[in-house]
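There are 2 protein chains.
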Amino acid sequence: LAPNNSWAISCTGCVDLDELNFDKTIVRFPYSLVKFDIAFPYGEKHEAFGAFSKAAHKVTDELLIATVGIKDYGELENKALGERFKVDDKNFPGIYLFLGNVKEYVQFPAHLDVTVDNLKSFISSNTQLYIGRDGCLKQFNDALKDYANKESAQQLALIAELKKEQSKLQKPEEQKSAKAYLLFMRKINEQGYSFHEEETKRLLRLKAGKVTEAKKVELQQKLNILEAFRVNKLTKATESAPTTAPPAKEL
Amino acid sequence: LAPNNSWAISCTGCVDLDELNFDKTIVRFPYSLVKFDIAFPYGEKHEAFGAFSKAAHKVTDELLIATVGIKDYGELENKALGERFKVDDKNFPGIYLFLGNVKEYVQFPAHLDVTVDNLKSFISSNTQLYIGRDGCLKQFNDALKDYANKESAQQLALIAELKKEQSKLQKPEEQKSAKAYLLFMRKINEQGYSFHEEETKRLLRLKAGKVTEAKKVELQQKLNILEAFRVNKLTKATESAPTTAPPAKEL
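Chains as they are written, first to last, in the working numbering: chain D, 1 to 251; chain A, 1001 to 1251.
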C-alpha cells in the first residue's frame, strides 16, 4: 500500500501543484522553489524540504514553496509535468528554483545533499532573498562581522546605527530579534568576548532544562543570533589582561 | 479510519492551503475561490467544486481555486484559519471568493446548492470573469442574443463581425469554438431555426453512440454552443411559410 496523506510526512507551507495549475501559480510569485517527487514523499530529503518551508515562511512572502507529486501508476498524474523538467523516478526528487516564470529556472545541484542549510544557501545564491537561521536578521548579521575585535568606539557607533535599523522593523518577531542583537552588542562592548562563551553556555543550559517548546524555540533563536558574534580569532585586547600581548584565543 | 488522499476524490487544479501560506497565496491572484472543509472531503459538494475547478482552468488564469482542510483532531491543523472566516464543522463547507486580498471577500450563499452551475454564476456575479459552459465564448454568446429572430441582413452582418473576433483569438480551443459558432450562424441563416432542433438531435445521437471520451467532450461543447442559439419564441417568418403570419413556436 502506498503511504496515504494521513500518514505521510506533511509539508506545512508547501503548496501541492498539478498540471492544471502549475504554470498559473508559478508566474504569480517572484520566486518558486519546487520539489518534483513521488506522489507521497517521505524520508530525509522530504523532511528537510518541509523544515526549509517553515523557515522560509517565517522570513519572506516572495518565495512560493511547492511540491509536484508524480504518479507512475493509475492515471499517471503529473507525469507530463515531470517530463517538461526532465524529472522521473531515476532522479527523484528534482528541485528547481523558478525566477518568476516557467522558462527561467535553476536546478538544485544533484551532487548536494538536500538539507535545510543547503536549500537556504541555494536560495541566497540565486535570489535576493536571505533565509538565515531562525531569529537572525541579514542586515544585522552583515553589520556585525568581526564585531568583537573592533575598538569600543566603533562598537558603540554600530550600536547607534543598528538602533536606527531596529526602529524601521515592522514585524514583532524582527523587533524581538533586534533587541537581542543590541543586548549582545552592549554586553560584548562592556564585558568583552568572554560574554559570548558564558552566554552560549547559559542559553544551552536553559534549553536543556524543563522549558516549554515555545521557550526552546526562543532560546534557539538567541543562540542563532549569538552565533553571528562568533569570531574565529580574537585579536582585540581584553580590558582585564595584565600583559600587553592580547590573548590569542582560537575558537 | 479517515479517508486518505489516495482514496479521496481528487480536486485537480485545486491548491490546498494552510495557515503558513494562505494569506501569501491569496494576495497573488486577482480572485481566489476557497472551500474551507474537512481535511479529506468527499461527496457531491466536493465533486462539484472539483468539476468547477476543471471548468475554470480551461478559461482563465486569474482565479485561484483552493481548499483548506480543517482538522478537529490531532494537531488541529488550520482550525485557527477556519475561525478567521467563521467556518467550523457546523457549516462545512464554507466557500469564499476573495477579491485579491484576505479582507475583501464574498461568501457563497448558504442557501444555494453547491453545484457547478451555481459556482459559475457566483463567479460571474462577483467578478469580471465568465466561466460558461464548456466550449462557449462569452463575447460570442452575448452577440448572439435572439440571433434566430434577426433579419438575414443583420445575421450576415453579425457573421462578418464575429469572423473578426475569431481572428483575434489566441487559444486553439477558442478558435475551434469560434468555428462552430460561425458554422451554426451560417446554417441558421441559410436554413432557418429548424436547423437548431435537427442539429441538436444529430449531436445527441452521435454522443450516445460508440465514440471516444474525447469525441464526447467535443460533441458536448458543440451542444453547449448550440444552446446559445436557442430562442424562447421564434418570431421570424420561415422562408417556406405559406401564410403571412409567422408560426409561433414555443420552446
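Note that CB positions come from ideal geometry on N, CA and C, so glycine has one too.
For residue i, decide whether its Cβ has a neighbour in chain D, counting only Cβ atoms nearer than 7 Å.
i: residue 1101 (chain A); result: no
i: residue 1020 (chain A); result: yes
i: residue 1059 (chain A); result: no
i: residue 1217 (chain A); result: no
i: residue 1230 (chain A); result: no
i: residue 1127 (chain A); result: no
i: residue 1242 (chain A); result: Unreliable positioning characterises residue 1242 (chain A) in this predicted model, as indicated by a pLDDT of 44, which lies under 50. A coordinate reading is not provided.
i: residue 1135 (chain A); result: no
i: residue 1012 (chain A); result: yes
i: residue 1028 (chain A); result: yes
i: residue 1138 (chain A); result: no
By how many angstroms is the C-alpha of residue j removed from the C-alpha of residue i?
i: residue 253 (chain D); j: residue 183 (chain D); result: Nothing about residue 253 (chain D) can be reported from this structure: the residues present for chain D run from 1 to 251 only.
i: residue 196 (chain D); j: residue 1128 (chain A); result: 60 Å
i: residue 103 (chain D); j: residue 96 (chain D); result: 11 Å
i: residue 99 (chain D); j: residue 32 (chain D); result: 7 Å
i: residue 207 (chain D); j: residue 214 (chain D); result: 11 Å
i: residue 1014 (chain A); j: residue 24 (chain D); result: 12 Å
i: residue 1062 (chain A); j: residue 38 (chain D); result: 29 Å
i: residue 1138 (chain A); j: residue 1145 (chain A); result: 11 Å
i: residue 148 (chain D); j: residue 1079 (chain A); result: 46 Å
i: residue 1164 (chain A); j: residue 1071 (chain A); result: 53 Å
i: residue 52 (chain D); j: residue 112 (chain D); result: 15 Å
i: residue 16 (chain D); j: residue 1065 (chain A); result: 12 Å
i: residue 233 (chain D); j: residue 193 (chain D); result: 11 Å
i: residue 1154 (chain A); j: residue 1160 (chain A); result: 10 Å
i: residue 1073 (chain A); j: residue 1089 (chain A); result: 12 Å
i: residue 1300 (chain A); j: residue 1220 (chain A); result: Limits of chain A in this structure are 1001 at one end and 1251 at the other, which puts residue 1300 (chain A) out of reach.
i: residue 1083 (chain A); j: residue 152 (chain D); result: 52 Å
i: residue 1044 (chain A); j: residue 1218 (chain A); result: 25 Å
i: residue 1133 (chain A); j: residue 1118 (chain A); result: 12 Å
Could you please give me the residues that DSSP links to residue i through a beta bridge?
i: residue 1068 (chain A); result: A:1017, A:1036
i: residue 63 (chain D); result: D:31
i: residue 100 (chain D); result: Its beta-bridge partners do not exist; DSSP assigns none.
i: residue 106 (chain D); result: D:97
Which whole-angstrom value is the C-beta distance of residue i and residue j, which I expect to be below 8 Å?
i: residue 57 (chain D); j: residue 1020 (chain A); result: 4 Å
i: residue 143 (chain D); j: residue 162 (chain D); result: 6 Å
i: residue 1048 (chain A); j: residue 1116 (chain A); result: 5 Å
i: residue 1029 (chain A); j: residue 28 (chain D); result: 6 Å
Leaving out five residues before and five after residue i in sequence, what residues of the same chain have Cβ atoms less than 6 Å from its Cβ?
i: residue 131 (chain D); result: 55, 56, 59, 120, 123
i: residue 281 (chain D); result: This structure does not reach residue 281 (chain D), given that chain D is present from 1 up to 251, and the question cannot be answered.
i: residue 1172 (chain A); result: none
i: residue 50 (chain D); result: 11
i: residue 188 (chain D); result: 148, 195
i: residue 18 (chain D); result: 78
i: residue 108 (chain D); result: 95, 122
i: residue 1216 (chain A); result: 1207
Excluding the 5 residues preceding and the 5 following residue i in the sequence, name in chain order all residues of the same chain whose CB lies nearer than 7 Å to its CB.
i: residue 1225 (chain A); result: 1135, 1136, 1177, 1180, 1181, 1184
i: residue 1085 (chain A); result: 1036, 1094, 1096
i: residue 1229 (chain A); result: 1144, 1147, 1148, 1184, 1188, 1196
i: residue 1126 (chain A); result: 1097, 1106
Among residues of its own chain, excluding the 5 on either side of residue i, which ones have a beta-carbon nearer than 8 Å to its beta-carbon?
i: residue 1200 (chain A); result: 1223, 1226
i: residue 1022 (chain A); result: 1068, 1081, 1102
i: residue 175 (chain D); result: 166, 169
i: residue 157 (chain D); result: none
Could you tell me whether the Cβ of residue i comes closer than 7 Å to any Cβ of chain A?
i: residue 171 (chain D); result: no
i: residue 16 (chain D); result: yes
i: residue 24 (chain D); result: yes
Do we get a CB-CB distance below 7 Å when we pair residue i with the residues of chain E?
i: residue 152 (chain D); result: Judged by its chain identifiers, the structure shown contains no chain E, and its protein chains are D and A.
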